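Chains as they are written, first to last, in this note's numbering: chain A, 182 to 290; chain B, 182 to 290. Here's the structure we're looking at; comments come further down.
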DNA sequence: GTTTTATATCGTAATATTGCGATAAATAAT
DNA sequence: ATTATTTATCGCAATATTACGATATAAAAC
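Structure, rendered in structure tokens:
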């Protein structure tokens, strides 16, 4: 149906999946890498940088903001977007945790 | 349109996004955690474990297999699925790399 | 005050994902 | 041989995502 049965899974499982989904698009990866590089950014740069329409970039920025990965503050007529340091760390730890919780012993097959 | 403009992004950006997408669903997180715990697994267990229909589980397993995160070998009438150790490591490293490539200095706003 | 600049939001189209019943295919059990 | 058991695949419906033009909004520049 296209609707995820979130209630079947634990809070943590839904959380990890949501985090993964947030970075599950190359445009959002590119945005994050660009924000990381410049450390101060306005959306206009991204439109040139990525080659997507302004509306599309804005939409991706919104998703990253909702996920908590970036934050934006109004700077005159522009908006200054940057990475949210605290949540970035949370993401890193969440993924690191997920991938190391699993101790793989050779596999079964 | 629902179609991602992959050609606008680097190979690596597309790769990271695809990896994230693969684990961007709680059912797939749950499957991976379960596989990691049991280390030997058949799909039947997952149907009971997760509460999703067999067809749905099979579909998620296929996606995980396509992403390279799991592997399956035919074991009589069943299929033994398990984590693909090498690729698991690759995923871990890819995410760790992505999150630490970014050195956050306080943020800009 | 009008015009430009920067960003967000709305509406819409195209495509993707999620989920499941039904059915197929292949082995195991009887 | 026939009947379970196990998994994959097909077909479909519901919903989500991606993308963009058009438009709104708000500050800056003139």
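We put the CB at the ideal spot given by N, CA and C, even for glycine. Nothing here was measured: the structure is a model prediction, and the numbers come from that model.
With a beta-carbon spacing of about 5 Å, residue 252 of chain A and residue 265 of chain A fall inside the 8 Å limit used to define contacts. For residue 254 of chain B, the uninterrupted beta strand (DSSP E) segment begins and ends at 251 to 256. Put simply, the CB of residue 210 of chain B is near chain A, with a gap under 9 Å to one of its CB atoms. According to DSSP, residue pairing for residue 264 of chain A in a beta bridge involves A/251.
Residue 223 of chain B and residue 215 of chain B have their C-alpha atoms some 11 Å from each other. Under the DSSP definition of a beta bridge, residue 222 of chain A partners with A/262. Rounded to whole angstroms, the separation of the alpha carbons of residue 260 of chain B and residue 236 of chain B is 14 Å. Residue nearest to residue 205 of chain B within the set A/209, A/199, A/187 is A/199 (criterion: CA-CA distance). C-alpha of residue 218 of chain A to C-alpha of residue 202 of chain B: approximately 24 Å in a straight line.
Distances from the CA of residue 191 of chain B to each of A/271, A/246, A/242, A/210 were compared; the closest alpha carbon is that of A/210.
Taking CB atoms only, residue 243 of chain B has no neighbour in chain A less than 9 Å away. Straight across, the Cα-Cα distance linking residue 243 of chain B with residue 258 of chain A is about 48 Å. The Cβ-Cβ distance between residue 227 of chain A and residue 212 of chain A falls below 9 Å.
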